[in-house]
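Notes follow once the structure below has been shown.
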Amino acid sequence: MDGKVLINYVETGVYFLMALVAFGLEAWALFDCLRHKANAFEAVSKRTKTFWLALTGGAVFIGGLSLYGAAQAMGALAYGGGGGGFGTFGLFGLAAVTAASVYLADVRPAVKDAGRGGSSNMGPYGPW
44 MDGKVLINYV ETGVYFLMAL VAFGLEAWAL FDCLRHKANA FEAVSKRTKT
94 FWLALTGGAV FIGGLSLYGA AQAMGALAYG GGGGGFGTFG LFGLAAVTAA
144 SVYLADVRPA VKDAGRGGSS NMGPYGPW
């Protein structure tokens, strides 16, 4: 096997794994956003639930296209065909992962705390 072909297989496999992880992250952000109440977003001043649903939903769509493109490229390698119609990662894929990461790192903890209602016997590490 030629070294160039081997590198192509490894590179395509790495892109597929990256697309799979990114899609999982984006889906997690979307489903987490779906399960919180709309008034919790406004209570912590983190835009609206509709805004975050649109952003994370768009991220899942772009992530799905990236995953499809990566899977198509893997299939093309197996059968010796050309590349797929969609790239595995691009500027839109990077923006989608960033949007989902912002939701999970900034909005999710604030909304999660607001949804609990805040008990008076809560310490920094849980109830006491």
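The opening position of the sequence shown corresponds to residue 44 in the numbering used here, with each subsequent residue numbered one higher.
For every residue, glycine included, the Cβ atom is placed at its ideal position computed from N, Cα and C.
Under 9 Å between C-beta atoms of residue i and residue j
i       : j       : result
Phe-59  : Gly-107 : no
Arg-78  : Val-150 : no
Ala-148 : Val-103 : no
Phe-84  : Val-154 : yes
Ala-113 : Ala-72  : no
Met-197 : Gly-56  : Past the edges of the chain, shown from 44 to 171, lies residue 197, and the structure says nothing about it.
Buried or exposed (CB count within 10 angstroms, at least 16 for buried), residue i
i       : result
Pro-152 : exposed
Val-64  : exposed
Leu-137 : exposed
Ala-81  : exposed
Tyr-146 : buried
Val-48  : exposed
For residue i, the three-state DSSP class (helix, strand or coil)
i       : result
Val-87  : coil
Gly-133 : coil
Asp-45  : coil
Gly-127 : Because the pLDDT of Gly-127 is 48, which lies under 50, any placement of that residue in the model is unreliable, and the number read from its coordinates should be weighed accordingly. It is coil, neither helix nor strand.
Tyr-58  : helix
Lys-80  : coil
Tyr-52  : helix
Tyr-168 : coil
Exercise. Between the stretch 47-56 and the stretch 85-104, do at least 3 Cβ pairs fall closer than 8 Å?
Worked result: no
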